[in-house]
Structures are given as structure tokens and as C-alpha cells.
Amino acid sequence: PKQKGWIGSYIYNYQGFWTSPRLIQGVIGCQQQFQAQDNDILLVTTPKLGTTWLKAILFSLNPHDLVPFLELKLYVDGQVPDFSSCTPPRILSPHLPYDSFPKSVQDSRTKLVYLCRNPRDTFISMWHFTNNLRLDYIDINSIEEMFDHFCKGVSLYGPFWNHVLDYWGKSIEKSKKVIFLMYEEIKEKSKIQLKRSAEFLEFPFSIEEENCGVIDEILRMCSFDNLSNLDVNINGKLSTGEETKMFFRRGEVGDWKHYFTLEMSEKLNHIIKQKFHGSGLKFLYI
Ligand code: A3P
Numbered sequence: 032p033k034q035k036g037w038i039g040s041y042i043y044n045y046q047g048f049w050t051s052p053r054l055i056q057g058v059i060g061c062q063q064q065f066q067a068q069d070n071d072i073l074l075v076t077t078p079k080l081g082t083t084w085l086k087a088i089l090f091s092l093n094p095h096d097l098v099p100f101l102e103l104k105l106y107v108d109g110q111v112p113d114f115s116s117c118t119p120p121r122i123l124s125p126h127l128p129y130d131s132f133p134k135s136v137q138d139s140r141t142k143l144v145y146l147c148r149n150p151r152d153t154f155i156s157m158w159h160f161t162n163n164l165r166l167d168y169i170d171i172n173s174i175e176e177m178f179d180h181f182c183k184g185v186s187l188y189g190p191f192w193n194h195v196l197d198y199w200g201k202s203i204e205k206s207k208k209v210i211f212l213m214y215e216e217i218k219e220k221s222k223i224q225l226k227r228s229a230e231f232l233e234f235p236f237s238i239e240e241e242n243c244g245v246i247d248e249i250l251r252m253c254s255f256d257n258l259s260n261l262d263v264n265i266n267g268k269l270s271t272g273e274e275t276k277m278f279f280r281r282g283e284v285g286d287w288k289h290y291f292t293l294e295m296s297e298k299l300n301h302i303i304k305q306k307f308h309g310s311g312l313k314f315l316y317i
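If you want full-length UniProt numbering, it's the 1-based position in the sequence shown plus 31.
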């Protein structure tokens, strides 16, 4: 079934999650042709959870080109991607739900780094992003209309709660295949979260590296101020045409307060309480 709104004039429900006309080919191409390898690292998010930041933290200063968005960059025009220039470990960034990956992801020793963010800031970030995209297939809805869709689970790669709960469940399994990170915790306790991620990926920092400030330097380079002021992120464009500056807006926790009415907070609280009941997962809003 297709539903009006969100990031396209229409987004489609495919295997239980919502995806856009632009991405559907990529999603299917990826499912049919992507072969995960043992040392692959997949950075999984839904849009606006801080993908760009995580890409930078785990890799580089020009994250979009170096950590491709799996479904969009690859397969969209029916092209099988050329990975020959990627030095292992390959780092790729999909938005797919866990069960929608090809079997090789589950069967290999591929590791998944999942980044989550509180649903209010995620929604507001998505609202701004959608407005800024101004692509011709986008039908910009009012914030109320978009919020209504979000609450019904209609958002790109949503329902938001299904996506999050899926990976949360995997992260608490013994297999250690998925690490679950939270945007707000990386903001608050950056060093601890960076060390935790490095250990999970089996690239732990040595005492010497720690003592000579390597962790602080990575965090400085990946800070919102530093990344958003790089020329490549001010003037650059993705290979798909979007301006890189769109991925840097405020980079804060709690911006939802400038937009949410009491009614919106109450409605979303109610849904979140219901959906996450018993999961043990708690969101941080400020
Ligand atoms: P806001 O719109 O709330 O500012 P994605 O990369 O998944 O599209 O997510 C974009 C969101 O991450 C935006 O949130 C953006 O500002 C924020 N972001 C980008 N780089 C960041 C950084 N270095 N630190 C914190 N937040 C960052």
C-alpha cells in the first residue's frame, strides 16, 4: 500500500517498513546483490538520527563520500556497486531493518553499529530536512500533518519504534553483532561512547593513544562546529545532488521544545510508552 506524505509525494510500505520511490530500487538491489563480508561494518540508522556524525566518528572528515549510503548510492540505477576502491574493513551506511538485509549480513561476521535518537528531536530534524530538500517529488506537508503520519508509523524506514526495537533487541543478544548507541549519550559522554564503539569494532585505543590525546582529537574533528565549518560540508554536494550543508542544522538535544505543543508531546509520549513498554529502553530528551 502507498501513503501520501513524508519524504516523497508517496512512500511505499515494503516488507513492513516505509520507503520512498527513490529508494525502493536501491533497497531491492541491495537485498538481491549485496554480499556482506566478514570484516564489514554497517552503520545503521533511520534518517536524521545523526548518521553523518557517526560516519565521521567512525571514519573521516568527508563522511558521505567515504561511507556510502548503501541503498541510495548503490544499485539505484540498476548498477552493481564497485567496491574495488574500498580498503577493508568496508564501512557502509544502510537504513534497512535488520530482517530486510540479505542473508550474508546475518551469516557473516559483519558488525552493525546502530545509532538511535529520541523520537521528538528525530521528528523535528526530519521535518526541517524534508523542507530543505525541495525535490520535485516532495509534497511538503504541514508540521501537524507530518506529525500525524509519524505517530501512525509512516516515516522513512519507519515505523520508528519498530526499527529501534528491532536493533535494540539484537544489541542485547549474546552474539555481539550489534552495538546500540544513543545520540544523546554520545553528546554527553563522548569519550566513553567512542571507546565503547572502538572496543566493539575490535579496534580498541591503546593506552599510548589515549595518553597522547587521540580520542580528544577525533572528538574535536567530529564535533558539530568543526564538521559543519569544513568547506566540503559548506559548499559540497553529494553524488546524488543534495547539498552537504543540509546534514548540519543545530546538532543539539532538545530542539523539539521550540516546536512541540503540549498536545504533541502528550500524544507521542503515550505512543512511546506503549510501544517501548517492557523493553528497558529509555530515551533522553534534554
Ligand atoms: P538536527 O536537525 O537536529 O540539527 P543525519 O546525518 O542522520 O541526516 O542526521 C542529521 C542530524 O544530525 C541533524 O540534526 C544534524 O545537525 C546532526 N548532526 C550532524 N553532525 C553532527 C555532529 N557532529 N554532532 C552532533 N549532531 C550532528
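We put the CB at the ideal spot given by N, CA and C, even for glycine.
Option in Asp-130, Ser-228, Tyr-41, Ile-72 with minimal Cα separation from Gln-62: That would be Asp-130, whose Cα lies nearest to the Cα of Gln-62.
Burial state of Arg-151 (16 or more Cβ within 10 Å): Residue environment for Arg-151: buried (at least 16 other C-beta atoms within 10 angstroms of its C-beta).
Terminal residues of the alpha helix (DSSP H) in which Trp-192 lies: In this chain, the alpha helix (DSSP H) harbouring Trp-192 covers 191 to 202.
Of the listed residues Ser-173, Gly-285, Asn-300, nearest to Glu-219 (C-alpha basis): Considering only Ser-173, Gly-285, Asn-300, the residue with the shortest C-alpha distance to Glu-219 is Gly-285.
Cβ-Cβ distance between Leu-146 and Leu-80 below 8 Å: Taking C-beta atoms as the reference points, Leu-146 and Leu-80 count as a pair closer than 8 Å.
Inter-residue CB distance, Leu-101 and Pro-125 (contact presumed, cutoff 8 Å): Correct: roughly 4 Å between the Cβ atoms.
Close-in-space but distant-in-sequence residues of the same chain around Ile-303 (CB under 8 Å, 5 per side omitted): Taken in chain order, the residues that qualify are Pro-150, Trp-192, Phe-314.
Gly-285 beta carbon near the ligand A3P (any heavy atom closer than 7 Å): Result no, Cβ not under 7 Å from the ligand A3P.
Short Cβ contact (8 Å threshold) for Lys-74 with Leu-85: Sequence inspection shows Leu at residue 74; the Lys mentioned does not correspond to that position. For Leu-74 and Leu-85, yes; Cβs fall inside 8 Å.
Inter-stretch contact (C-beta, 8 Å, three-pair minimum) for the region 113 to 122 and the region 175 to 193: The answer is no - the region 175 to 193 does not touch the region 113 to 122, with fewer than three Cβ pairs under 8 Å.
Integer Cβ distance of Trp-199 from Ile-174, believed to fall under 8 Å: With 8 Å as the limit, Trp-199 and Ile-174 do not qualify as a contact, their Cβ atoms being about 28 Å apart.
Helix, strand or coil at Thr-83 [DSSP, three-state]: Residue state, collapsed to three classes: helix.
Whole-angstrom distance between Phe-132 and Asp-71, CA atom to CA atom: Each residue's Cα considered, the two are about 13 Å apart.
Separation of Leu-232 from Ser-139, as counted between CA atoms: Rounded to whole angstroms, the separation of the alpha carbons of Leu-232 and Ser-139 is 14 Å.
CA nearest to the CA of Asp-262, picked from Phe-65, Thr-275, Arg-281, Arg-148: It is Thr-275.
Nearest to Pro-78 (by Cα), restricted to the options Ile-210, Gln-110, Glu-230, Pro-128: With distances taken between Cα atoms, Pro-78 lies closest to Pro-128.
Euclidean distance between Cα positions of Ser-51 and Asn-172: Near 16 Å, if we compare the C-alpha coordinates of Asn-172 and Ser-51.
Beta-ladder partner(s) of Asn-44, from DSSP: DSSP, once it has assigned bridges, lists Trp-49 as partnering Asn-44.
Separation of Asp-69 from Ser-206, as counted between CA atoms: Cα-Cα distance, rounded: 14 Å.
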